[in-house]
């Protein structure tokens, strides 16, 4: 249906790239959460669960640093300090996260 996808959180692109690369190889924790929240097409196939805690941020007064850090299960002190750059990991697959 589309060749490129972009996933936003709180008004900021978190991950973008070729649809297949983003869907199959989600790198940003928010994109991984979205993927794990969708139903599995294979009946009875168990999936690992990833959980987000905290409150959804205010769009009027967003948190400092990465907008997802208050809910991210992998957040570090660095995530609170500065907004990560949207890094190109090759093939047009880009992610806004310090982890990958």
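Residue numbers (this note's numbering): 67 to 166. Each residue gets a CB set at the ideal place from its N, CA and C atoms; glycine is no exception. As the structure is a computational prediction, the values presented were derived from the model and not from experiment.
Legend entry - alpha helix (DSSP H) segment containing residue 149, residue limits: Indexing the chain shown from 1 puts residue 149 at position 83. That residue, residue 149, is in no alpha helix (DSSP H); it is neither H nor E in DSSP.
Inset, instruction - Tell me whether the beta-carbon of residue 166 lies closer than 8 angstroms to the beta-carbon of residue 93. - result: The residue you call residue 166 lines up with position 100 of the chain shown. The residue you call residue 93 lines up with position 27 of the chain shown. Result yes, Cβ atoms of residue 166 and residue 93 sit closer than 8 angstroms.
Legend entry - Candidates 153, 104, 163, of which the one nearest residue 138 by Cα: The sequence position of residue 138 within the chain shown is 72, counting from 1. Its Cα nearest to that of residue 138, the residue 163 stands out among 153, 104, 163.
Inset, instruction - Excluding the 5 residues preceding and the 5 following residue 96 in the sequence, name in chain order all residues of the same chain whose CB lies nearer than 6 angstroms to its CB. - result: Here residue 96 is taken as the residue at index 30 of the chain shown, counted from 1. Cβ neighbours of residue 96 beyond the five flanking positions: 75, 80, 134.
Inset, instruction - Going by CA-CA distance only, name the one from 91, 69, 67 that's closest to residue 161. - result: Numbered from its first residue, the chain shown carries residue 161 at position 95. Of the listed residues, the one whose Cα sits closest to residue 161 is 91.
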